[in-house]
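Numbering (our numbering), first residue to last: 3 to 291.
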């Protein structure tokens, strides 16, 4: 939710971890070919983050990725790509994906936010639910109804290593039978519409040990310029960034238990933090080498 009006001392840093606690997170090489692997009691996950025209940290990150040249995904300005195997079965109605905050943001919401939210819910994601004015604000959608692309794979003993994938709607191996069993439409848009129905989500089960891959992104949120563009409205939010209000979290979590599975943090690094981040960049380069 962040035009070229951004302050020159604001740059992005992306981290990923199995919990909200930043101490559990790893820095992401944005637009890199190799994923960050997360291992937890709940799942094994590989995560890629792509941002078009990226200028944030680490400074060794490529500015773009072949993902943005693919005919299916070329309109997106950013992408979160996931490859997952759960360690226990998860009901399809319980798996949520979206944004949340651990502090109120109502005083930081830009003029026009309410209108923008209604447009998003009406035109772009009718399954979206949330309260941006709560003490702990959230905007969640059922994962099955919000992911742009959803691919079902085989049952496996170990999550296969993949380099720089573009995930497309579909299935392979025994995953094709799973899609047929649940009568999941082949088309991505039809699948999201199919799973807007709670009863359809409740019928579906994410099996333990099966590979599920997903891609989430859109052309509306511009992390390079810290602005949001939706039909008829542009919101520049860089001026609302502060030391307290500088992190946008994407969270994969369980509705029933409240447990978080994955947390992807998009942090706006302020000027006073940049010297520290320079050292972090060196560490990332060392890790890659």
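Note that CB positions come from ideal geometry on N, CA and C, so glycine has one too.
Predicted, not measured: the structure shown is a model, and the values here were computed from it.
Within 10 Å of its beta-carbon, does residue 147 have 16 or more other beta-carbons around it, so buried, or fewer, so exposed? In the chain shown, residue 147 corresponds to position 145, counting from 1. By the Cβ-count criterion, residue 147 is buried, with 16 or more other Cβ atoms from all chains shown falling within 10 Å of its own Cβ.
Could you name the residues that DSSP lists as bridge partners for residue 50? On the chain shown, position 48 is the one that residue 50 refers to. Beta-bridge pairing links residue 50 to 83.
So the beta strand (DSSP E) residue 98 belongs to, where does it begin and stop? Position 96 of the chain shown, counted from the start, is the residue given in the question as residue 98. 97-102 is the span of the beta strand (DSSP E), which, as asked, contains residue 98.
State yes or no: is the C-beta of residue 34 within less than 9 Å of the C-beta of residue 121? Residue numbering aside, residue 34 sits at position 32 when the chain shown is read from its first letter. Residue numbering aside, residue 121 sits at position 119 when the chain shown is read from its first letter. No. Outside cutoff.
Can you tell me whether residue 217 sits near the ligand MG, meaning its C-beta is under 8 Å from at least one heavy atom of the ligand? The ligand content of the structure shown is nil, which means the ligand MG is not present either.
Does the separation of the CB atoms of residue 207 and residue 94 fall below 9 Å? Position 205 of the chain shown, counting from 1, holds the residue named residue 207. Position 92 of the chain shown, counting from 1, holds the residue named residue 94. A contact, by the Cβ cut-off of 9 Å.
By a C-beta neighbour count over all protein chains shown, 10 Å radius and 16 as the cutoff for buried, is residue 92 buried or exposed? Position 90 of the chain shown holds residue 92. Buried, because 16 or more other Cβ atoms sit within 10 Å of the Cβ of residue 92.
Candidates 38, 42, 123, 59, of which the one nearest residue 272 by Cα: Here residue 272 refers to the residue found at position 270 when the chain shown is read from its first residue. For residue 272, the nearest C-alpha among the options comes from 59.
Output the boundary residues of the alpha helix (DSSP H) element that contains residue 155. Mapped onto the chain shown, residue 155 falls at position 153. Taken as a continuous stretch (DSSP letters only), residue 155 belongs to no alpha helix (DSSP H), being part of the beta strand (DSSP E) at 151-157.
So what does DSSP say about residue 267, is it helix, strand or coil? Indexing the chain shown from 1 puts residue 267 at position 265. Strand at residue 267.
Report the rounded CA-to-CA distance for residue 71 versus residue 77, giving the unit in angstroms. Here residue 71 is taken as the residue at index 69 of the chain shown, counted from 1. Here residue 77 is taken as the residue at index 75 of the chain shown, counted from 1. Spanning the two alpha carbons is a distance of roughly 9 Å.
Length of the line joining the Cα atoms of residue 29 and residue 15: One-based indexing of the chain shown puts residue 29 at position 27. One-based indexing of the chain shown puts residue 15 at position 13. Using only the alpha carbons, I get a separation of about 8 Å.
On a CA-only basis, which of 20, 46, 62, 39 is nearest residue 210? Give me that one, please. Along the chain shown, read from residue 1 onward, the residue named residue 210 stands at position 208. Answer by Cα proximity: 46.
Distance cutoff 9 Å, beta carbons only. Does residue 72 sit that close to anything in chain B? Chain labels in this structure do not include chain B; a single protein chain is all it has.
Distance, residue 212 Cα to residue 154 Cα: For the purposes of this step, residue 154 is taken as residue 152 along the chain shown, with counting starting at 1. For the purposes of this step, residue 212 is taken as residue 210 along the chain shown, with counting starting at 1. Each residue's Cα considered, the two are about 8 Å apart.
Hey, is the stretch 239-253 in contact with the stretch 126-137, meaning 3+ C-beta pairs nearer than 8 Å? no
Residue 24 - DSSP class collapsed to helix/strand/coil: For the purposes of this step, residue 24 is taken as residue 22 along the chain shown, with counting starting at 1. Residue state, collapsed to three classes: helix.
Whole angstroms is fine: what's the gap from residue 201's alpha carbon to residue 145's? As a position in the chain shown, residue 201 is number 199, starting the count at 1. As a position in the chain shown, residue 145 is number 143, starting the count at 1. Each residue's alpha carbon lies about 14 Å from the other.
Residue 205 to residue 183, Cα distance in whole Å? Translated into positions along the chain shown, residue 205 becomes position 203. Translated into positions along the chain shown, residue 183 becomes position 181. So the alpha carbons of these two residues sit roughly 10 Å apart.
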